[in-house]
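*Asks:* Residue numbers (the UniProt record's numbering), protein chains in the order written: chain A, 1 to 261; chain B, 1 to 266; chain C, 1 to 267. Got a structure here, written out as structure tokens. Questions coming.
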Amino acid sequence: MNSTRLYEKYLLIHLKSMMQHKVSFLLTTIGQFLVSFNIFLGVRFMMDRFKEVKGFSYGEVLLCFSITLMAFTIAETIFRSLDTFETIIGNGEFDRILLRPRGSLFLVLCSKIELTRIGRLLQAVVMLIYGIYSSSIIWTPVRIMTVVLMIIGGVAVFAAIFLIFASICFFTLEGLEFMNIFTDGAREYGKYPIGIYGKTLLTICTYLVPFALFQYYPFLYLTGKTSDSWYSLLPLAACLFLIPAGLLWNFGLSRYQSTGS
Amino acid sequence: MIQVEHMNKTFKVTRRSAGFSEAVKALFHREVELIHALNDISFTIGDGEMVGYIGPNGAGKSSTIKILSGILTPDNGTCMINGRIPWKERKEHVKDIGVVFGQRSQLWWDVPILDSFELLRDIYEIPTHQYQETLDELTGLLSLGELLRTPARQLSLGQRMRCEIAASLLHRPKILFLDEPTIGLDAVSKLAVRDFIRKQNKEHKTTVLLTTHDMQDIDALADRVLLIGRGRLLLDGTLSDLKSHRPKEEATLDEIIAALYRDYRI
Amino acid sequence: MKKYWSFFRIRFIHGLQYRAAALSGMVTQFVWGTMEILLFRAFYESAPQSFPMEFQALSTYIWLQQAFLALYMTWFWESELFHSITTGNVAYELCRPVRLYHMWFVRGLTVRLSKAVLRCMPILVFAWLLPAPYGLTLPGSFHTWFFTLLSMTLGLLFVVAFGMVVYISVFYTISSQGIKLIVTSLSEFLSGAIIPLPFLPDGIREFVNFLPFASAQNVPFRIFGGDLKGHDMYTSLLGQVFWLAVFLVIGQIMERNALKRVVIQGG
Numbered sequence: 001m002n003s004t005r006l007y008e009k010y011l012l013i014h015l016k017s018m019m020q021h022k023v024s025f026l027l028t029t030i031g032q033f034l035v036s037f038n039i040f041l042g043v044r045f046m047m048d049r050f051k052e053v054k055g056f057s058y059g060e061v062l063l064c065f066s067i068t069l070m071a072f073t074i075a076e077t078i079f080r081s082l083d084t085f086e087t088i089i090g091n092g093e094f095d096r097i098l099l100r101p102r103g104s105l106f107l108v109l110c111s112k113i114e115l116t117r118i119g120r121l122l123q124a125v126v127m128l129i130y131g132i133y134s135s136s137i138i139w140t141p142v143r144i145m146t147v148v149l150m151i152i153g154g155v156a157v158f159a160a161i162f163l164i165f166a167s168i169c170f171f172t173l174e175g176l177e178f179m180n181i182f183t184d185g186a187r188e189y190g191k192y193p194i195g196i197y198g199k200t201l202l203t204i205c206t207y208l209v210p211f212a213l214f215q216y217y218p219f220l221y222l223t224g225k226t227s228d229s230w231y232s233l234l235p236l237a238a239c240l241f242l243i244p245a246g247l248l249w250n251f252g253l254s255r256y257q258s259t260g261s
Numbered sequence: 001m002i003q004v005e006h007m008n009k010t011f012k013v014t015r016r017s018a019g020f021s022e023a024v025k026a027l028f029h030r031e032v033e034l035i036h037a038l039n040d041i042s043f044t045i046g047d048g049e050m051v052g053y054i055g056p057n058g059a060g061k062s063s064t065i066k067i068l069s070g071i072l073t074p075d076n077g078t079c080m081i082n083g084r085i086p087w088k089e090r091k092e093h094v095k096d097i098g099v100v101f102g103q104r105s106q107l108w109w110d111v112p113i114l115d116s117f118e119l120l121r122d123i124y125e126i127p128t129h130q131y132q133e134t135l136d137e138l139t140g141l142l143s144l145g146e147l148l149r150t151p152a153r154q155l156s157l158g159q160r161m162r163c164e165i166a167a168s169l170l171h172r173p174k175i176l177f178l179d180e181p182t183i184g185l186d187a188v189s190k191l192a193v194r195d196f197i198r199k200q201n202k203e204h205k206t207t208v209l210l211t212t213h214d215m216q217d218i219d220a221l222a223d224r225v226l227l228i229g230r231g232r233l234l235l236d237g238t239l240s241d242l243k244s245h246r247p248k249e250e251a252t253l254d255e256i257i258a259a260l261y262r263d264y265r266i
Numbered sequence: 001m002k003k004y005w006s007f008f009r010i011r012f013i014h015g016l017q018y019r020a021a022a023l024s025g026m027v028t029q030f031v032w033g034t035m036e037i038l039l040f041r042a043f044y045e046s047a048p049q050s051f052p053m054e055f056q057a058l059s060t061y062i063w064l065q066q067a068f069l070a071l072y073m074t075w076f077w078e079s080e081l082f083h084s085i086t087t088g089n090v091a092y093e094l095c096r097p098v099r100l101y102h103m104w105f106v107r108g109l110t111v112r113l114s115k116a117v118l119r120c121m122p123i124l125v126f127a128w129l130l131p132a133p134y135g136l137t138l139p140g141s142f143h144t145w146f147f148t149l150l151s152m153t154l155g156l157l158f159v160v161a162f163g164m165v166v167y168i169s170v171f172y173t174i175s176s177q178g179i180k181l182i183v184t185s186l187s188e189f190l191s192g193a194i195i196p197l198p199f200l201p202d203g204i205r206e207f208v209n210f211l212p213f214a215s216a217q218n219v220p221f222r223i224f225g226g227d228l229k230g231h232d233m234y235t236s237l238l239g240q241v242f243w244l245a246v247f248l249v250i251g252q253i254m255e256r257n258a259l260k261r262v263v264i265q266g267g
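Structural data, given as structure tokens:
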């Protein structure tokens, strides 16, 4: 059986399990929605007061926010197991995974599919529509493709970050809180175009952790602040971030097998 | 065939002591200790043997099981199982082995057992007719009938253990590792589990390596015993070899083991 | 008193053991604070006339928020307490010679204090070293220091008293998850954890200031930065005292009633 079919089977089992806890599922979903709704309210009230930030209007900020949120949410739904990899290592579930004749990373991903994130995804979709509607962007096929590429690039970057986090778990289970900067932090502050935070941060987010490649630069093209259409292809470059993350995972895995802890 | 020669494994452990000032000290400096989990271990287990692997907690039992099942690499020494080095050809190797952890579950908590089994069928790519045949046989021998439609969380410990064992045998492994399979079970379930393991060994020539603290398990199942303590293999012999160490005439198996631990200072 | 102190000691030692966790938590909060300030700077540069407080006061607010996160976070719950109520294990707590309310109140206080003590100093020092107007500015007068400390204490007690009401309310409902969720999302916004309350639009702001949540971090942090002073400060302090008293009373009444029911029903 190929991996796609197996993944579907896992998805089915996750759905079945979830149906056993309908109330809990519903509440968690609502919770996910409320938390990001709070952040939306924050943006709304700030934009109300200031009208624009560094040349970006409310509609444009919403569009940017929704794209980041959507990329993060999709990534979290699929790669949530990596974000909670500490527990998988801690409770011995990873040993069980190594006893199966399949790729270990694949089985880790199968072990958790976070369907409760649908509440947040819904919000991202609503904001995207509202953002498209209220910003004065003239939509062309290239611009539509840019939005799609931004989301794909974003999912890839967040996936890579989750993978790096999980790889670090092979070395230590302590002091991993700082990784929140790159996950929750990026979601949180990625609601505004990264350029507004200043040059230093933009440089970091271009060369070190490529958030700006899927968020800021293509967004400049989208909103007509640059006419350089090459900017819309930068999210593809962001996907390359998956390579070092994958290498780190392999390195961590071999270390885990030699220390067993 | 399992061949282990001169296997070593060491771990680094950081120490944590009690008390306030110790905690402050540990903020700046931590003592690291080397633990020799396995120290020059060698043994050979032939096909179809049933071997009891005993020793006190922390003796190195689970490290051995982890190495034999390909999860852990030893520092040095060799290990060959059915012509393969477990950690080098992990995916191929694990198709040949089944592992039951008495204290951990591989079953899905909220869905019927049968769903867990079918997922395993897909993971191991077991042909449908072979799966059905194995399942029927296991269902009969372990009296799983009704249990298959029940979610794991609604089963008693004994019922769950029977399902765990079945889950580990669906792909018809040649070797079965059992890590404390009777822990916490009531008398009836214990007997059922032991009875099944014996039959499985007899009919399918499954090699069984069993770790346990329950000496009745050893008595009932193991033709041969490996005693490990502080990472060293202390005794490799038959059950009667073990019994020849009895400190007094009417000593129970538990008392013999306790006396041995004392003699070897472990 | 001694048993409460030993509880604090255990928690504190527990925190010390995880030095990497403490360090990593501080780094996280430092980055978080920096991001927050960069964000507000962008707004400030876009329209300085719309900024409702001095930038320096805002920076101070944000750094205090990061340093004392553990004291005022309203999303932090001890699942153990929820669990002990829903499973009925709370009955064991009743066998002890301490009143449940006092026991849990001190516990809540201790958990927050022990976390904050460990983490606040390095963040405060770092923030103090940053250049104006991005760093933490210390007030000149003794008067401000005094009222900040007073207000911080009131705010912390309020947060714990509020938490008690939430824990005890689980005696009356089945789903602790639902309560947790609604309370968390409401209180986060209304206490000024997402954006400081002065940034809320007119009309909404006045209303939110009347609510109990404004008595937590909002008051002390703004007093320290000099944003809240004079007549407004005294009113806010009175508000803190009022809401603290209200939640203490509600919590204790709820506890008495809940325990009566537990005793009658036998857990």
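Every residue gets a Cβ at the ideal spot worked out from N, C-alpha and C, and that includes glycine. Small disclaimer: the values here were computed from a predicted structure and weren't measured.
Thinking residue 211 of chain B and residue 179 of chain B are a contact (beta carbons under 8 Å), I'd like their distance in whole angstroms, please.
*Replies:* About 5 Å separates the CB atoms of residue 211 of chain B and residue 179 of chain B; that is less than 8 Å, so the two are in contact.
*Asks:* With DSSP as the reference, identify every bridge partner of residue 236 of chain B, one or two as the case may be.
*Replies:* B:226
*Asks:* Compare the C-beta of residue 45 of chain A against all C-beta atoms of chain C and say whether one is closer than 7 Å.
*Replies:* yes
*Asks:* Residue 174 of chain B and residue 96 of chain B - do their beta-carbons sit closer together than 7 Å?
*Replies:* yes
*Asks:* Which residues in the same chain as residue 61 of chain B place their Cβ atom closer than 7 Å to its Cβ, once the five residues preceding and following it in sequence are excluded?
*Replies:* 53, 55, 211 and 228
*Asks:* Compare the C-beta of residue 53 of chain A with all C-beta atoms of chain C and state if any pair is closer than 7 Å.
*Replies:* yes
*Asks:* Output yes if chain A places a C-beta closer than 7 Å to the C-beta of residue 8 of chain B; else output no.
*Replies:* no
*Asks:* Going by DSSP, which residues form a beta bridge with residue 151 of chain B?
*Replies:* B:112
*Asks:* Taking 7 Å as the CB-CB cut-off, is residue 48 of chain A touching chain C?
*Replies:* yes
*Asks:* How close, in whole Å, do the beta carbons of residue 62 of chain C and residue 46 of chain A come, if the pair is a contact with beta carbons under 8 Å?
*Replies:* Incorrect: roughly 14 Å between the Cβ atoms, too far for contact.
*Asks:* Where do the ends of the alpha helix (DSSP H) carrying residue 26 of chain C lie?
*Replies:* 19-46
*Asks:* Could you give the DSSP three-state label for residue 95 of chain C: helix, strand or coil?
*Replies:* coil
*Asks:* What did DSSP end up calling residue 53 of chain B once you bin it into helix, strand or coil?
*Replies:* Reduced to three states, the DSSP call for residue 53 of chain B is strand.
*Asks:* Report the rounded CA-to-CA distance for residue 223 of chain B versus residue 96 of chain C, giving the unit in angstroms.
*Replies:* 53 Å
*Asks:* Between residue 134 of chain A and the rest of its own chain, which residues show a CB-CB distance below 6 Å, the 5 nearest in sequence each way excluded?
*Replies:* 59
*Asks:* In the DSSP assignment, find the alpha helix (DSSP H) that holds residue 9 of chain A and state where it starts and stops.
*Replies:* Its alpha helix (DSSP H) spans residues 3-19.
*Asks:* Using a Cβ-Cβ cut-off of less than 8 Å, give me the residues of the region 9-41 of chain A that come near chain C, in sequence order.
*Replies:* 23, 24, 27, 28, 30, 31, 34, 35, 37, 38, 39 and 41
*Asks:* On the DSSP bridge assignment, give the partners of residue 179 of chain B in chain order.
*Replies:* Paired residues: B:101 and B:211.
*Asks:* Where does the unbroken alpha helix (DSSP H) through residue 252 of chain A begin, and where does it stop?
*Replies:* Start and end: 242-259.
*Asks:* Taking the straight line between their C-alpha atoms, what separation do you get for residue 216 of chain A and residue 228 of chain A?
*Replies:* 13 Å
*Asks:* Does the Cβ of residue 56 of chain A have 16 or more other Cβ atoms within 10 Å, making it buried, or fewer, making it exposed?
*Replies:* Buried is the call here.
*Asks:* Taking C-beta pairs closer than 7 Å, name the residues in chain C that residue 178 of chain A reaches, listed in chain order.
*Replies:* 24, 27 and 28
*Asks:* Measuring alpha carbon to alpha carbon, tell me which residue in C:31, C:13, C:19 and C:58 is nearest residue 227 of chain C.
*Replies:* Of the candidates C:31, C:13, C:19 and C:58, the one whose C-alpha sits nearest the C-alpha of residue 227 of chain C is C:58.
*Asks:* Alpha carbon to alpha carbon, what distance is there between residue 20 of chain A and residue 125 of chain B?
*Replies:* C-alpha separation (whole angstroms): 28 Å.
*Asks:* Using a Cβ cut-off of 8 Å, pull out every chain A residue sitting near residue 78 of chain C, in sequence order please.
*Replies:* Within 8 Å Cβ-Cβ: nothing; residue 78 of chain C doesn't reach chain A, min ~18 Å.
*Asks:* Could you check the C-alpha separation between residue 182 of chain B and residue 163 of chain A for me, to the nearest Å?
*Replies:* 38 Å
*Asks:* Suppose contacts are defined by Cβ-Cβ distances below 7 Å. Is residue 12 of chain C in contact with residue 114 of chain C by that definition?
*Replies:* Contact: yes.
*Asks:* Tell me the rounded alpha-carbon separation between residue 209 of chain A and residue 29 of chain A.
*Replies:* 29 Å
*Asks:* Identify whether residue 12 of chain B lies in helix, strand or coil by the three-state DSSP scheme.
*Replies:* strand
*Asks:* For a contact meaning CB atoms closer than 9 Å, what does residue 101 of chain A contact in chain B?
*Replies:* 90, 91, 92, 93, 94, 95, 123, 124, 125 and 171
*Asks:* Thinking just about the alpha-carbon of each residue, which of C:138, C:249 and C:186 is nearest to the one in residue 225 of chain C?
*Replies:* C:138
*Asks:* Using the rule of at least 16 other Cβ atoms within 10 Å of the residue's Cβ for burial, across every protein chain shown, is residue 267 of chain C buried or exposed?
*Replies:* Annotation note: pLDDT 42 at residue 267 of chain C (below 50); position unreliable, no value reported.
*Asks:* Where does residue 126 of chain B fall in DSSP's three states?
*Replies:* coil
*Asks:* What residue range does the beta strand (DSSP E) around residue 32 of chain B cover?
*Replies:* 32-45
*Asks:* Is any beta-carbon of chain C found at less than 7 Å from that of residue 198 of chain A?
*Replies:* yes
*Asks:* Measuring only between beta-carbons, confirm whether residue 71 of chain B sits less than 7 Å from chain D.
*Replies:* Judged by its chain identifiers, the structure shown contains no chain D, and its protein chains are A, B and C.
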